[in-house]
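From first to last, the protein sequence lines are chains B and P.
Everything in the first sequence is counted per the working numbering, starting at 1 for the first residue and increasing by one.
Everything in the second sequence is counted per the working numbering, starting at 129 for the first residue and increasing by one.
Backbone N, C-alpha and C fix where the C-beta goes; we use that ideal spot for every residue, glycine too.
Small disclaimer: the values here were computed from a predicted structure and weren't measured.
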Amino acid sequence: MLAVDLNAYIPVGILVLMAIIFVIVNLAATHVLGPKRHGAEKDIAYESGMNPIGTARKRFNVRFYILAMTFLVFDVEIIFLYPWAVTFTKLAPQSDEATLFLGRIMFFIATSILAYIYAWRKGVFRWD
Amino acid sequence: MSAWISNNAQLVTSIIVILVVIHLALGAAAYLILLERKVAAWAQDRIGPNRVGPLGLLQPIADGLKLFLKEDYIPGGADRFLFVLAPGLSVIAAMIGFAVIPWAGTLTIGGQSVKVMTADISVGIVYLIATASLGVYGVALGGWASNSKYSFIGGLRASAQMISYEIPMGLAILCIILTAGSVKADEIVAMQIGPGHQWYILHQPLAAIIFYTCMLAEANRAPFDLAEAEAELVGGWHTEYSSMKWAMFFLGEYVHMFVGSAFFVTLFLGGWSLNPFGVGPDLPLGGGIGMILLQFGIVLGKVFLMIFLTMMVRWTLPRFRFDQLMRLSWEGMIPVSLLVLLVTSFMVFMGWIGWMWAASLATFAIIWLAHPLLPRQANPNRRIPLIGSRFSPLSDKALGP
Numbered sequence: 001m002l003a004v005d006l007n008a009y010i011p012v013g014i015l016v017l018m019a020i021i022f023v024i025v026n027l028a029a030t031h032v033l034g035p036k037r038h039g040a041e042k043d044i045a046y047e048s049g050m051n052p053i054g055t056a057r058k059r060f061n062v063r064f065y066i067l068a069m070t071f072l073v074f075d076v077e078i079i080f081l082y083p084w085a086v087t088f089t090k091l092a093p094q095s096d097e098a099t100l101f102l103g104r105i106m107f108f109i110a111t112s113i114l115a116y117i118y119a120w121r122k123g124v125f126r127w128d
Numbered sequence: 129m130s131a132w133i134s135n136n137a138q139l140v141t142s143i144i145v146i147l148v149v150i151h152l153a154l155g156a157a158a159y160l161i162l163l164e165r166k167v168a169a170w171a172q173d174r175i176g177p178n179r180v181g182p183l184g185l186l187q188p189i190a191d192g193l194k195l196f197l198k199e200d201y202i203p204g205g206a207d208r209f210l211f212v213l214a215p216g217l218s219v220i221a222a223m224i225g226f227a228v229i230p231w232a233g234t235l236t237i238g239g240q241s242v243k244v245m246t247a248d249i250s251v252g253i254v255y256l257i258a259t260a261s262l263g264v265y266g267v268a269l270g271g272w273a274s275n276s277k278y279s280f281i282g283g284l285r286a287s288a289q290m291i292s293y294e295i296p297m298g299l300a301i302l303c304i305i306l307t308a309g310s311v312k313a314d315e316i317v318a319m320q321i322g323p324g325h326q327w328y329i330l331h332q333p334l335a336a337i338i339f340y341t342c343m344l345a346e347a348n349r350a351p352f353d354l355a356e357a358e359a360e361l362v363g364g365w366h367t368e369y370s371s372m373k374w375a376m377f378f379l380g381e382y383v384h385m386f387v388g389s390a391f392f393v394t395l396f397l398g399g400w401s402l403n404p405f406g407v408g409p410d411l412p413l414g415g416g417i418g419m420i421l422l423q424f425g426i427v428l429g430k431v432f433l434m435i436f437l438t439m440m441v442r443w444t445l446p447r448f449r450f451d452q453l454m455r456l457s458w459e460g461m462i463p464v465s466l467l468v469l470l471v472t473s474f475m476v477f478m479g480w481i482g483w484m485w486a487a488s489l490a491t492f493a494i495i496w497l498a499h500p501l502l503p504r505q506a507n508p509n510r511r512i513p514l515i516g517s518r519f520s521p522l523s524d525k526a527l528g529p
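Shown next, in the form of structure tokens:
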């Protein structure tokens with residue numbers, strides 16, 4: 001029942017392939033069909049008519065980085081919860097095994113809630 | 129040939145479904161833009177596009193043709209490879225999300241039964257989580273590659289927003305999986321059809337609200353369209369894009385909206401079911417070709433209604449500010465969805481699946497009653513009393529009481 005049927009993934013491959021072909025055809029068509037006129041002023045990045053000062057690839061606010069790290073904690077946690085959820089629903093309600101399953105996952109969630117509270121107290125979620 | 133078809137009936141069905149759905153989605157994306165403009169016109173008491181063809185129905189074709197003939201320009205400082213890659217990624221990520229949606233029940237034809245969905249893979253809904261995350265790349269790379277400050281800020285905002293709203297979305301889907309006991313989308317739909325099986329929007333109204341909000345944010349739809357906030361960032365991450373590359377970001381957005389609505393229909397609105405309450409007659413789980421087409425039509429109708437709702441939301445609610453957006457996700461929806469998850473797993477543990485709706489409503493009531501008791505942040509919209517801010521050069525102590 002749990003054996004992985006790799007043949008089931010063939011349509012996914014076909015879908016990805018079709019999407020890629022669609023994208024390539026579109027990009028190529030618009031590249032061929034459109035006019036091409038280059039110019040020094042046209043090459044400048046649009047900044048509401050001002051001459052841009054320096055490059056745009058500067059250092060940016062570290063909050064985005066910290067937020068991404070916090071996101072990783074939760075995203076990995078959620079991925080671990082999916083197999084748990086499927087197995088947990090198969091168990092008999094209120095059985096010993098179900099209690100063990102629930103207890104373990106509650107501990108797991110509690111650790112990430114701890115991390116969440118820590119991040120909150122550190123001001124990761126403050127954007128004012 | 130016919131022997132090969134009957135031996136690979138599922139694969140042939142999958143390919144037919146892919147062909148139908150891809151054309152449907154791309155055609156729908158084009159016409160959704162027209163519909164959006166018509167809805168906007170309706171909401172603002174205007175007429176909307178009505179020049180190209182009857183009622184403006186040829187407008188998407190004219191727009192597409194025009195966009196193909198526009199100059200495909202890459203600005204000077206741009207990273208050329210990533211600049212071309214980004215719009216492609218955003219369309220691909222949106223288009224491959226279709227794979228696990230059940231468009232209709234089991235088709236019985238010529239003594240064989242096949243599922244009317246693109247790929248009957250065992251991971252099911254987890255595939256949705258994976259593809260939904262891929263959408264970030266197109267936006268983030270497009271913003272970075274353009275070498276424009278508007279694009280850069282737009283791309284950063286979009287990535288922060290998308291990853292923030294993915295967590296409550298994942299937790300809301302987890303609640304549905306705990307209720308249904310399966311990650312496969314067709315089994316989740318089957319659990320909502322027939323006697324004694326209600327739609328999951330009745331079981332889990334709170335999770336439905338969370339999922340819908342996250343869907344709006346993931347697709348960069350108003351009121352969460354911070355990344356392309358035209359009043360602040362010109363065009364956000366697609367400021368520097370032109371011609372079909374620009375249009376592909378929009379194609380990606382509308383296809384994303386279509387996929388998201390289809391997933392909402394699958395998870396919460398019972399797919400092709402017409403009877404939410406589980407008592408009385410309902411459509412069967414499968415049947416002949418006529419029944420399958422009817423079910424397909426019902427799913428599409430529900431998807432259309434969800435998209436219409438999304439458009440009405442856009443023209444009803446004002447745009448969020450960025451700190452409000454982040455607070456809504458991290459200090460609002462994540463704790464609430466964790467609470468919903470804990471309540472759901474407790475109900476599953478006790479075996480009270482039938483009373484899930486009561487638990488969900490009770491959770492909602494508890495949150496409603498308890499939220500005034502929570503520690504409140506000072507008005508974040510302050511302009512003058514900067515002393516409390518951690519960016520203020522003066523601390524509270526320096527000024528004294």
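Candidates the options, of which the one nearest residue i by Cα
i	options	result
residue 282 of chain P	P:395, P:293, P:429 and P:266	P:266
residue 355 of chain P	P:371, P:264, P:203 and P:233	P:264
residue 274 of chain P	P:328, P:253 and P:213	P:213
residue 575 of chain P	P:464, P:325 and P:412	Residue 575 of chain P cannot be examined here, being either before or after the span of chain P that is shown, 129 to 529.
residue 353 of chain P	P:262, P:280, P:387 and P:446	P:446
residue 462 of chain P	B:62, B:34, B:14 and B:71	B:71
residue 203 of chain P	P:431, P:438 and P:366	P:366
residue 154 of chain P	P:457, P:487 and P:383	P:383
residue 206 of chain P	P:290, P:270, P:312 and P:470	P:270
residue 222 of chain P	P:209, P:496, P:181 and P:347	P:347
residue 476 of chain P	P:337, P:419, P:332 and P:376	P:332
residue 386 of chain P	P:260, P:136 and P:250	P:260
residue 78 of chain B	P:218, P:299 and P:291	P:299
residue 133 of chain P	P:473, P:241, P:310 and P:321	P:241
residue 56 of chain B	P:479, P:278 and P:420	P:278
residue 224 of chain P	B:7, B:12, B:43 and B:39	B:12
residue 94 of chain B	P:396, P:485, P:487 and P:479	P:479
residue 125 of chain B	P:500, P:468, P:487 and P:456	P:456
residue 292 of chain P	B:98, B:63, B:116 and B:67	B:67
residue 110 of chain B	P:485, P:374, P:157 and P:466	P:466
residue 39 of chain B	P:151, P:156, P:197 and P:201	P:201
residue 289 of chain P	P:370, P:341, P:249 and P:304	P:341
residue 285 of chain P	B:48, B:62 and B:87	B:62
residue 583 of chain P	P:363, P:394, P:405 and P:488	In the structure displayed, chain P extends from 129 to 529; residue 583 of chain P sits before or after that span and is not available.
Own chain partners of residue i with C-beta closer than 6 Å, once the 5 adjacent residues on each side are dropped
i	result
residue 490 of chain P	none
residue 184 of chain P	177 and 178
residue 526 of chain P	For residue 526 of chain P, the predicted model reports a pLDDT of 48, less than 50, meaning its position is unreliable; a value from the coordinates is still stated below. Nothing listed; no residue qualifies.
residue 83 of chain B	none
residue 336 of chain P	329 and 396
Start and end residues, beta strand (DSSP E) containing residue i
i	result
residue 244 of chain P	240-245
residue 53 of chain B	Unbroken run through residue 53 of chain B: none, as it is neither H nor E.
residue 120 of chain P	Here chain P covers residues 129 to 529 and nothing more, so residue 120 of chain P does not appear.
Assigned exposure category for residue i - 16 Cβ within 10 Å defines buried
i	result
residue 319 of chain P	buried
residue 407 of chain P	exposed
residue 65 of chain B	exposed
residue 92 of chain B	exposed
residue 513 of chain P	The predicted model places residue 513 of chain P with a pLDDT of 49, which falls under 50 and marks its position as unreliable; any figure quoted below should be read in that light. With fewer than 16 Cβ atoms within 10 Å of its Cβ, residue 513 of chain P is classed as exposed.
residue 118 of chain B	exposed
residue 529 of chain P	Legend: pLDDT at residue 529 of chain P = 44, less than 50; position of this residue unreliable, value from coordinates given subsequently. Residue 529 of chain P should be labelled exposed.
residue 391 of chain P	buried
residue 123 of chain B	exposed
residue 135 of chain P	exposed
residue 314 of chain P	buried
residue 181 of chain P	exposed
residue 1 of chain B	Caution is warranted here: a pLDDT of 46 is assigned to residue 1 of chain B, below 50, making its placement in the model unreliable, and the coordinate value is therefore given only provisionally. Classification of residue 1 of chain B: exposed, given that the 10 Å Cβ count is below 16.
residue 51 of chain B	exposed
Proximity test, residue i beta-carbon vs the ligand PLP heavy atom, cut-off 7 Å
i	result
residue 489 of chain P	What this structure holds is no ligand at all, so the ligand PLP is not there to describe.
8 Å CB neighbourhood of residue i in its chain, flanking five on each side removed
i	result
residue 459 of chain P	none
residue 424 of chain P	231, 232, 244 and 400
residue 246 of chain P	142, 145, 146, 149, 226, 227, 228 and 229
residue 161 of chain P	188, 191, 378 and 382
residue 216 of chain P	266 and 376
residue 413 of chain P	233, 234, 318, 321 and 322
residue 80 of chain B	108
residue 195 of chain P	371, 372, 374 and 375
Residue range of the unbroken alpha helix (DSSP H) whose run includes residue i
i	result
residue 308 of chain P	277-308
residue 83 of chain B	62-90
residue 197 of chain P	Premise fails: residue 197 of chain P is in no alpha helix (DSSP H) and is neither H nor E.
Proximal residues to residue i (C-beta, below 7 Å), its chain only, five neighbours per side dropped
i	result
residue 251 of chain P	311
Q) Can you list, in chain order, the stretches of the alpha helix (DSSP H) that have 4 or more residues and sit fully within the stretch 390-469 of chain P? A) 417-442 and 450-455
**Q.** Length at least 4, wholly inside the stretch 131-184 of chain P: the alpha helix (DSSP H) runs in chain order
**A.** 137-171
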